[in-house]
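Heads up: the sequence shown is residues 28 to 433, going by the numbering used here.
Contents: one structure, followed by commentary.
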Amino acid sequence: MSDLPSPSRPVPAPTAADSAGSDASAAPAPTPAPGAAALPLVMEEPRGRRKPPRHLADLTLDERAEHVSGLGQPGFRAKQLSTHYFSRLVDDPEEMTDLPAAQRAELVAALLPPLMTPLRTMEADRGTTRKTLWKLFDGALVESVLMRYPDRATVCVSSQAGCGMACPFCATGQGGLQRNMSTAEIVEQVVASARSLDRGEVPGGPGRVSNVVFMGMGEPLANFKAVIGAVRRLTDPAPSGLGMSARGVTVSTVGLVPRINQLAEEGIPVTLALSLHAPDDELRNELVPINTRFSVAETVEAAWNYARTTKRRVSIEYAMMRGINDQAERADLLADVLLSYGDWGWVHVNLIPLNPTPGSKWTASDPRDEREFVRRLEAKGIPTTVRDTRGREIDGACGQLAATEG
Ligand code: SF4
Numbered sequence: 028m029s030d031l032p033s034p035s036r037p038v039p040a041p042t043a044a045d046s047a048g049s050d051a052s053a054a055p056a057p058t059p060a061p062g063a064a065a066l067p068l069v070m071e072e073p074r075g076r077r078k079p080p081r082h083l084a085d086l087t088l089d090e091r092a093e094h095v096s097g098l099g100q101p102g103f104r105a106k107q108l109s110t111h112y113f114s115r116l117v118d119d120p121e122e123m124t125d126l127p128a129a130q131r132a133e134l135v136a137a138l139l140p141p142l143m144t145p146l147r148t149m150e151a152d153r154g155t156t157r158k159t160l161w162k163l164f165d166g167a168l169v170e171s172v173l174m175r176y177p178d179r180a181t182v183c184v185s186s187q188a189g190c191g192m193a194c195p196f197c198a199t200g201q202g203g204l205q206r207n208m209s210t211a212e213i214v215e216q217v218v219a220s221a222r223s224l225d226r227g228e229v230p231g232g233p234g235r236v237s238n239v240v241f242m243g244m245g246e247p248l249a250n251f252k253a254v255i256g257a258v259r260r261l262t263d264p265a266p267s268g269l270g271m272s273a274r275g276v277t278v279s280t281v282g283l284v285p286r287i288n289q290l291a292e293e294g295i296p297v298t299l300a301l302s303l304h305a306p307d308d309e310l311r312n313e314l315v316p317i318n319t320r321f322s323v324a325e326t327v328e329a330a331w332n333y334a335r336t337t338k339r340r341v342s343i344e345y346a347m348m349r350g351i352n353d354q355a356e357r358a359d360l361l362a363d364v365l366l367s368y369g370d371w372g373w374v375h376v377n378l379i380p381l382n383p384t385p386g387s388k389w390t391a392s393d394p395r396d397e398r399e400f401v402r403r404l405e406a407k408g409i410p411t412t413v414r415d416t417r418g419r420e421i422d423g424a425c426g427q428l429a430a431t432e433g
């Protein structure tokens, strides 16, 4: 993430472009020591982690009613609780006056248990970018970021505590995977931002969340079930969920091919953002280690298949790293790889400037190289934007804040 849109850069599309940036990390990891062993890929969460408390956002409306009935309460209490959570955005039981006082505490404890505590909120861009460090019930730390623009408000959420994808340039990846987050823990990040906007705590007057991007900590498709649950809760009509448009939701991935195909079959037209970062296997094997399981060709084909099935344009995320993946010939190769699936508007490229980090192996491209990269992609007819990252002064990308608290 970094600062406000700069006039010289096209303002990116509303969904895929807004990110707290761990996935496409604007937070470079420290340069590895010479000879340091590459981290292993971790696809499954470590065993034996305790599960977060069950929350109504983990359940469908019918399941909530069942749960309430199991407490000996009438099923309609589930709808009342859901309205407080998703529609009224209330978090104080005292305000839930339609629930009988004698049972209120029991109902709230059963269906609205606390999931996370804000440890720190940092602001940038005159308060319109707010990054929150959350402590989960077991002490795990995750981050979310609210970015308000004149025409939209985007929340970038984490989907895992840590990440097992081991991308060497990413601070989150260096810490490994602690655990998957639950559906409700993911949703709560959005609801917390929705409350802040609703209460007028963010400059610009009361507002609503219009976009959610799964680009915080973690690889969303490695936590598929909980992420799909969260997407459903975000898009279910109130009071079952938040009632957002699926078009406002972007799910990013480094390329878990079977999961991309599965997502295409879910019938929810979210935008897919594929973090490619390199157009050739040799470099991508190094930058995005999951590429050793699924090649560039297999990954791009899955993205194309997603666009074909859902009729949603795919966003190819490409973090520009000086001297590593930003050469003119790689721009040409990237265009050729994408065009091999046709030019029917199925794809656009979103270039992500890294934070400039003097002395790090992973640092920002020279602006001239970035411009030439854009020029070459556009010359071949690939729609290209440069992400306006936000919040540099607050350690823009996911992973940095959690790493410094740890
Ligand atoms: S997949 Fe994981 S390790 Fe790779 S950039 Fe995203 S958060 Fe970092």
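C-beta atoms are modelled at their ideal positions from N, C-alpha and C, and glycine is treated no differently.
Pick from the options that is closest to residue i, judged by C-alpha positions
{"i": "residue 206", "options": "165, 326, 225", "result": "165"}
{"i": "residue 110", "options": "388, 301, 260, 154", "result": "260"}
{"i": "residue 213", "options": "378, 82, 399, 364", "result": "82"}
{"i": "residue 177", "options": "285, 283, 216, 237", "result": "237"}
{"i": "residue 150", "options": "228, 130, 101", "result": "228"}
{"i": "residue 394", "options": "360, 355, 163, 100", "result": "355"}
{"i": "residue 391", "options": "379, 400, 401, 145", "result": "379"}
{"i": "residue 376", "options": "316, 322, 344, 93", "result": "344"}
{"i": "residue 113", "options": "144, 218, 163, 66", "result": "218"}
{"i": "residue 291", "options": "339, 262, 314", "result": "339"}
{"i": "residue 333", "options": "320, 311, 294", "result": "294"}
{"i": "residue 315", "options": "352, 251, 288, 336", "result": "352"}
{"i": "residue 265", "options": "310, 88, 128, 71", "result": "88"}
{"i": "residue 70", "options": "326, 204, 396, 273", "result": "204"}
Three-state class that DSSP yields for residue i in the structure shown
{"i": "residue 354", "result": "coil"}
{"i": "residue 38", "result": "For residue 38, the predicted model reports a pLDDT of 25, less than 50, meaning its position is unreliable; a value from the coordinates is still stated below. Here residue 38 sits in coil by DSSP."}
{"i": "residue 155", "result": "coil"}
{"i": "residue 189", "result": "strand"}
{"i": "residue 82", "result": "coil"}
{"i": "residue 162", "result": "strand"}
{"i": "residue 100", "result": "coil"}
{"i": "residue 288", "result": "helix"}
{"i": "residue 207", "result": "strand"}
{"i": "residue 238", "result": "strand"}
{"i": "residue 280", "result": "strand"}
{"i": "residue 176", "result": "coil"}
{"i": "residue 323", "result": "helix"}
Residues of its chain near residue i, where Cβ-Cβ distance is below 8 Å and the 5 sequence neighbours each way are ignored
{"i": "residue 235", "result": "180, 221, 224, 225"}
{"i": "residue 85", "result": "209, 210, 211, 256"}
{"i": "residue 108", "result": "83, 91, 95, 123, 126, 134, 135, 138, 139"}
{"i": "residue 403", "result": "355, 358, 359, 362"}
Residue i beta carbon near ligand 1 (any heavy atom closer than 8 Å)
{"i": "residue 232", "result": "no"}
{"i": "residue 281", "result": "yes"}
{"i": "residue 321", "result": "no"}
{"i": "residue 342", "result": "no"}
{"i": "residue 246", "result": "yes"}
{"i": "residue 197", "result": "yes"}
{"i": "residue 256", "result": "no"}
{"i": "residue 315", "result": "yes"}
{"i": "residue 194", "result": "yes"}
{"i": "residue 200", "result": "yes"}
{"i": "residue 183", "result": "no"}
{"i": "residue 302", "result": "yes"}
Cβ shell of residue i (< 7 Å), same chain only, five flanking positions each side left out
{"i": "residue 247", "result": "186, 241, 254, 278, 279, 280"}
{"i": "residue 67", "result": "193"}
{"i": "residue 275", "result": "42, 237, 238, 239"}
{"i": "residue 284", "result": "321, 325, 326, 329"}
C-beta neighbour in chain C for residue i, strict 9 Å
{"i": "residue 389", "result": "As a matter of chain content, chain C is missing from the structure shown, which is built from one protein chain."}
Chain-order list of residues whose beta-carbon lies under 6 Å from that of residue i (same chain, five-residue window excluded)
{"i": "residue 269", "result": "113, 261"}
{"i": "residue 103", "result": "none"}
{"i": "residue 410", "result": "375"}
{"i": "residue 319", "result": "312"}
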